[in-house]
Amino acid sequence: MIRVRATATLTAALSLVAQPALTPPAPVLAAPDLPREPTCIAKTIDDVLADPVLAGSQAGVVVADARTGTTLVDRRGTRRLLPASNAKLFTSAAALDVLGPGHRFVTEARASGVRRGSSVTGDVYLRGSGDPVLSPGDLDTLARDVAATGLREITGDLVADDTSFDAQRLGLEWAWDDEKDPGAAPISALTLAPDDNYLAGTVAVKAVPASVDNQPARLTVSPPSRLLRVVNRTTTAGNAPGIEVTRGHGTNVLTVTGRVVRGAPPVTAAVTVWDPAALVADVFRTALARHGVRVKGRTVTGKATPAQAPVLARHTGRPLRELMKPLLKRSNNAMAEQLVKAIGAQAAGSGTWPAGTNAVAAYLARRGVATDTMRLVDGSGLSRRNLVPPAVIARFLLAVRSEPWFPLWYDALPVAGRPGPLAGGTLRERMRGTPAAGNVHAKTGTLTGASALSGYVTGPDHRPLVFSAIVNNQLSPSVTPLLDRIAVALASCPQGPESVGAAL
10 MIRVRATATL TAALSLVAQP ALTPPAPVLA APDLPREPTC IAKTIDDVLA DPVLAGSQAG
70 VVVADARTGT TLVDRRGTRR LLPASNAKLF TSAAALDVLG PGHRFVTEAR ASGVRRGSSV
130 TGDVYLRGSG DPVLSPGDLD TLARDVAATG LREITGDLVA DDTSFDAQRL GLEWAWDDEK
190 DPGAAPISAL TLAPDDNYLA GTVAVKAVPA SVDNQPARLT VSPPSRLLRV VNRTTTAGNA
250 PGIEVTRGHG TNVLTVTGRV VRGAPPVTAA VTVWDPAALV ADVFRTALAR HGVRVKGRTV
310 TGKATPAQAP VLARHTGRPL RELMKPLLKR SNNAMAEQLV KAIGAQAAGS GTWPAGTNAV
370 AAYLARRGVA TDTMRLVDGS GLSRRNLVPP AVIARFLLAV RSEPWFPLWY DALPVAGRPG
430 PLAGGTLRER MRGTPAAGNV HAKTGTLTGA SALSGYVTGP DHRPLVFSAI VNNQLSPSVT
490 PLLDRIAVAL ASCPQGPESV GAAL
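In this note's numbering, the protein residues as written are 10 to 513.
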């Protein structure tokens with residue numbers, strides 16, 4: 010997985026007081042004797058928008074004073090644009106509001122039928138609630154806890170209950186050729202993240218070089234599953250290592266191509282699976298066997314757990330607050346989609362994309378953000394049906410500062426030039442060695458033909474700013490240097506009230 014002139018202020022509902030500081034508190038300065046226009050900022054933005062790279066594209070930019078809500082720059086800020094992963098700003102905040110920072114997803118093993126000694130005459134259900142970071146280790150612990158009850162035999166089936174969410178696995182207008190990509194994983198209330206990259210709905214394929222050239226690499230899949238068939242078309246060669254894993258539509262046939270270098274470290278790639286719940290059930294069944302619990306029946310998916318089925322064992326996931334960094338800093342699409350369906354289940358009793366996005370919009374409306382000018386159909390921003398004006402994002406960035414959980418949410422945003430995937434995140438390699446480094450806290454967004462950068466920055470006069478810059482329909486493979494120029498200018502240029510268009 011950027012928008013004639015009159016003084017503009019944000020609505021009173023968004024002119025917030027007693028907001029959490031974006032940086033160590035600075036004294037409130039008296040109004041300086043500055044020009045009416047922040048010439049440096051405005052000129053940089055105008056130069057960026059006039060760059061030949063953006064010829065024929067659509068763009069919008071809004072910059073506002075975070076303390077007063079005063080609009081400093083507005084360049085087509087009401088233009089509806091593809092937000093890409095900037096949509097995760099809304100999803101993450103709504104999740105903290107609707108579910109709560111302390112919310113934990115629960116995965117349960119329950120038994121139906123009659124328990125006699127070490128045997129259950131009936132089925133065992135594995136019931137998911139949408140945990141986006143459920144791991145193979147968690148399932149092993151759950152199986153161990155089931156065995157600790159003395160259970161040794163299940164005469165019926167192992168049922169994977171993913172009915173907390175609907176059966177629609179892929180979002181509206183997700184690209185068909187992205188289906189194998191971890192960023193477009195199928196969404197299920199029962200899914201598995203193979204490692205600490207938290208790519209739910211995927212498996213990790215590792216290619217170990219052969220001991221001699223021109224031989225296939227040795228492939229392993231994590232977690233291993235009998236549902237997967239691997240076709241090995243790799244070779245051990247001299248240089249330029251890299252593998253690609255493809256998966257046929259509607260199948261779990263994984264075709265691995267590419268080459269690895271003899272004597273070099275293994276190469277790993279992730280690929281989606283066709284039915285996440287079936288994979289979870291198969292991994293859990295193997296874990297049960299490892300702990301001495303035999304399932305005599307089949308593995309079944311999509312059936313709801315009987316309400317009165319007693320709990321055998323329960324796994325309680327990490328609190329939602331701990332998921333914010335991997336979600337926002339790594340821009341984790343699957344996590345965002347798991348959360349938006351969980352929001353729908355909590356707010357409307359329906360774990361669907363429409364229920365979830367409606368609940369996100371309702372949250373924004375409660376915070377004074379005009380939602381009649383935008384459209385959201387998923388939680389990650391992957392769909393090309395999403396449309397959001399930069400002005401709406403700027404309004405939201407102001408409104409969210411009053412939330413009691415704002416400090417943890419702000420801390421989860423990517424930080425320009427700060428090393429590490431869970432520190433700088435998707436901005437860790439950008440704006441290094443500039444006044445924006447360590448200063449800009451913002452969400453990136455990237456799709457083919459769409460780039461966005463929206464967040465917070467403090468200027469040289471200690472004034473905190475919010476900004477949103479979005480570009481669509483550009484032919485250049487990357488316009489991030491242009492968006493970075495805007496952010497660096499905000500961190501470098503003194504501000505002053507600019508005369509711009511109507512109030513946001």
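Where is the CB? At the ideal position from N, CA and C, for every residue including glycine.
None of the values given here were measured: they were computed from a predicted structure.
Reference residue i; option with closest CA among the options
i, options, result
"P319", "A51, G86, V70, V129", "V129"
"V262", "V497, P328, L237", "L237"
"L337", "P413, S138, A120, A96", "A96"
"T321", "D493, A157, T100", "Reading off the sequence, residue 321 comes out as Leu, not Thr. Ranking the options by Cα distance to L321, first place goes to A157."
"N481", "L91, L81, T48, T295", "L91"
"D74", "P486, S501, V466, D493", "V466"
"L385", "C49, T80, A59, S94", "S94"
"W414", "A51, D60, P110, A445", "P110"
"R84", "A59, R76, V107, A459", "A59"
"W183", "R227, H450, N342", "N342"
"A286", "G86, G192, A371, D171", "D171"
"T361", "V57, G267, R124, G180", "G180"
"T264", "V292, L288, P225", "P225"
"R268", "D222, G458, G301", "D222"
"L491", "L462, P469, P503, H471", "L462"
"A198", "T53, G210, G122", "G210"
"A500", "N448, I54, D140, A364", "N448"
"S485", "G468, I479, A459", "A459"
"K312", "V123, T244, D493, V133", "V133"
"A549", "D381, A368, S340, A379", "With the chain covering only 10 through 513, there is no way to say anything about residue 549."
"E188", "S121, A246, H258", "H258"
"M1", "N367, G434, P250", "Because the chain is modelled from 10 through 513, residue 1 falls outside the range shown and cannot be assessed."
"D470", "P363, P503, D493", "P503"
"P335", "P430, R294, P275, L288", "P430"
"D274", "P250, G365, G358", "Reading off the sequence, residue 274 comes out as Pro, not Asp. Comparing Cα positions, the closest option is P250."
Anticipated Cβ contact below 8 Å, residue i with residue j, distance rounded
i, j, result
"R327", "R113", "7 Å"
"A290", "T308", "5 Å"
"A216", "L228", "6 Å"
"A451", "G464", "3 Å"
"A354", "F174", "7 Å"
"L160", "S127", "6 Å"
"S121", "G137", "17 Å between Cβ atoms; not a contact."
Check whether residue i and residue j have beta carbons under 8 Å apart
i, j, result
"V62", "V488", "yes"
"A169", "L208", "no"
"V349", "T150", "no"
"V142", "A102", "no"
"I163", "R299", "no"
"I50", "V82", "yes"
"L167", "G306", "yes"
"I352", "V107", "yes"
"N248", "V270", "yes"
"P428", "R437", "yes"
"T281", "A345", "no"
"V212", "S231", "yes"
"R119", "T314", "yes"
"T260", "W283", "yes"
"A104", "L456", "no"
"T277", "V214", "yes"
"I196", "Q317", "no"
"P399", "G165", "no"
"L373", "T380", "yes"
"T443", "V369", "no"
"S234", "V155", "no"
"T245", "I252", "no"
"A279", "P363", "no"
Short CB-CB distance (under 8 Å) between residue i and chain B
i, result
"R84", "No chain B appears in this structure, which consists of one protein chain only."
Exercise for the section: Any chance you could list the beta strand (DSSP E) runs of at least 3 consecutive residues sitting entirely within the region 145 to 198, in chain order? Expected result: Counting only runs of 3 or more, we get 167 to 170.
Problem - the region 398 to 405 contacting the region 460 to 479, beta-carbon criterion three pairs below 8 Å - result: The region 398 to 405 vs the region 460 to 479: in contact.
Exercise for the section: Mind the definition here: the region 387 to 397 touches the region 53 to 71 only if three or more C-beta pairs lie below 8 Å; say whether that holds. Expected result: With contact defined as three or more Cβ pairs closer than 8 Å, the region 387 to 397 and the region 53 to 71 are not in contact.
Exercise for the section: Enumerate, from N- to C-terminal direction, the unbroken beta strand (DSSP E) stretches of 3 or more residues contained entirely within the region 307 to 341. Expected result: Taking only runs of at least 3 residues, the beta strand (DSSP E) segments lying wholly in the region 307 to 341 are 308 to 310, 320 to 328.
Problem - Given 8 Å, three or more beta-carbon pairs between the region 376 to 393 and the region 417 to 436 - result: No, the region 376 to 393 is not in contact with the region 417 to 436.
Handout entry: the region 113 to 128 in contact with the region 422 to 433 per 3-pair CB rule at 8 Å
Key = Inter-segment contact for the region 113 to 128 and the region 422 to 433 is absent: fewer than three beta-carbon pairs are separated by less than 8 Å.
Handout entry: Ranges of the beta strand (DSSP E) found wholly within the region 410 to 487, counting only runs of at least 3
Key = Those beta strand (DSSP E) runs which fall completely within the region 410 to 487 and span 3+ residues are 450 to 456, 459 to 467, 473 to 481.
Problem - Entirely enclosed alpha helix (DSSP H) segments - the region 92 to 148, minimum 4 residues - result: Here the runs fully enclosed are 96 to 107.
Handout entry: Minimum length 3: unbroken beta strand (DSSP E) runs contained in the region 238 to 322
Key = The beta strand (DSSP E) runs lying completely inside the region 238 to 322 and spanning 3 residues or more are 238 to 246, 251 to 256, 262 to 270, 276 to 281, 308 to 310, given in chain order.
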